[in-house]
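In full-length UniProt numbering, the protein residues as written are 1 to 310.
Before any comments, here is the structure.
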Amino acid sequence: MRSVLTLMIVRQFTSRGVTSHLCTRFKETQNRPVMARPSSDLAAFREVFSKAKHVAILTGAGVSAESGVPTFRGEGGFWRKWQAQDLATPGAFSQNPSRVWEFYHYRREVMLTKSPNSAHVAIAECEARLQKQGRRVTVITQNIDELHRRAGSTNILEMHGSLFKTCCMSCGHVGVNHKSPICAALEGKGAPDPNTSDAQIPPHDLPRCEQDGCSGLLRPNVVWFGETLDSDILTRVEEELDLCDLCLVVGTSSIVYPAAMFAPQVAARGIPVAEFNMEETPATMRFRFHFQGPCGTTLPPALARHNNEP
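Pasting the structure below:
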């Protein structure tokens, strides 16, 4: 059964544009024995943390959920009558760019009303503090909401892109865009009520490229279902995980690949991995530490200044 599951996952990695090196390392990880039940001893984690020089922090939707950000996953995860996977595809955008832009406009406007929570802040403060000590913190996130950036984190790898960046379908230019609304035609549009009709905005009134001589149709610069992850970002993620001497898994289910394989890879090398999550995940038993509960409650005391720090 494991070999079948591994084959399915590796195929998924290939379709996502993951390197063969990562696939090989994942298959090696699957053959490693599962560790004993992880510790929830905060003092023991703090001792490991005090000595770490290169910390990698993997974050997922659970971090942003505590800021009230809708995840559009699971039961009730609908916008109007569609789930995200029905809208977040190249085909959906090609067929109905107006509907897809309404969905993303709604998400952008919601995000502008949200603020980083204590978990985001704890990570940002930890990065700034350790940087002054010649230590490194890298945030590797699956989230597209930019809450880590707004909290003050600077060393961030956004695996799935950002709600506040656009990509031109004509010239390929990627730009930061925090306009509200992103274009006049979308103002007041995007209501999630299932009884709301599509706005059917003409393509020429949707967000357009402002590069000289272009004016091509813009799309959200996020990774959609069926698209490959950015190979440069994946390479940088792999480099950070190879260098880290402590890895934190924060607010992620550890079931969305390829991110779900990263922490088990690190743990298989004997590097301490600490999971901060509302519940145990399929990868929990491979980690040294597990702290159950809201990330905004469990993470700040774990990352606070240690007595050994200068």
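All C-beta atoms in this analysis are idealised placements derived from N, C-alpha and C, irrespective of residue type, glycine included.
Everything numeric in this text was worked out from a predicted model, so none of it was measured.
Beta-bridge pairing of residue i - partner residues as DSSP gives them
i	result
G175	T166
residue 312	Missing from the structure shown is residue 312; the chain here goes from 1 to 310 and no further.
G161	V222
V100	Paired residues: none, contrary to the question.
V250	T59, F276
S40	Paired residue(s): none; S40 is not in a bridge.
Option nearest residue i by Cα separation, candidates the options
i	options	result
Q211	G77, T166, L157, L42	T166
A65	A92, H204, P294, N307	P294
N301	L186, V121, D232	Per the sequence shown, the amino acid found at residue 301 is Pro instead of Asn. Ranking L186, V121, D232 by Cα distance to P301 puts V121 first.
N143	F289, V266, C247, T252	T252
P194	I233, L112, I271, R99	R99
W82	S67, V176, Y104	Y104
G188	A52, A263, E102, I140	E102
L42	A199, P97, L303	L303
R108	E146, M285, L130, N117	E146
K179	R288, Y106, R37, I57	Y106
A36	E47, K132, F289, K51	F289
A128	L243, L206, S231, S153	S153
V237	F45, L157, P116	L157
R208	S197, G172, L112, G296	G172
G270	A260, P203, F287	F287
R150	A267, K53, M111, I57	M111
D245	N155, L229, A263	A263
E240	M285, G134, N155, D230	N155
Nearest-angstrom beta carbon gap, residue j and residue i [assumed within contact, 8 angstroms]
i	j	result
T281	F291	No, T281 and F291 are not in contact; Cβ-Cβ is about 12 angstroms, not under 8 angstroms.
V137	V55	5 angstroms
I201	A185	5 angstroms
P192	R80	6 angstroms
K114	G68	6 angstroms
G216	S170	3 angstroms
S40	E309	Contact flag wrong, Cβ pair sits at about 23 angstroms.
C168	L87	Actually they do not touch by this definition, with Cβ atoms about 20 angstroms apart.
Coarse secondary structure for residue i, derived from DSSP in three states
i	result
T297	helix
L229	coil
L130	helix
I57	strand
G62	helix
V69	coil
L243	helix
A274	strand
F262	helix
F287	coil
Q292	strand
S118	helix
S180	coil
R208	strand
S197	coil
S94	helix
M1	No answer about M1 holds up, because its pLDDT of 30 lies below 50 and its placement is not dependable.
L303	helix
Residue i: CB within 7 angstroms of a non-hydrogen atom of the ligand PLP
i	result
Q292	In the structure on display, the ligand PLP does not appear, and there are no ligands present to speak of.
C-beta neighbour in chain B for residue i, strict 8 angstroms
i	result
I57	Within the model displayed, chain B is absent; a lone protein chain is all it includes.
Would you check if there are 3 or more beta carbon pairs closer than 8 angstroms linking the region 249 to 267 to the region 54 to 64?
yes
Is there contact between the region 154 to 173 and the region 220 to 233, where contact requires at least three CB pairs shorter than 8 angstroms?
yes
Okay, do the region 87 to 95 and the region 117 to 133 touch, 3+ Cβ pairs below 8 angstroms being the bar?
no
Can you confirm whether the region 239 to 249 touches the region 271 to 279 when touching is taken to mean that 3 or more C-beta pairs between the two stretches lie within less than 8 angstroms?
yes
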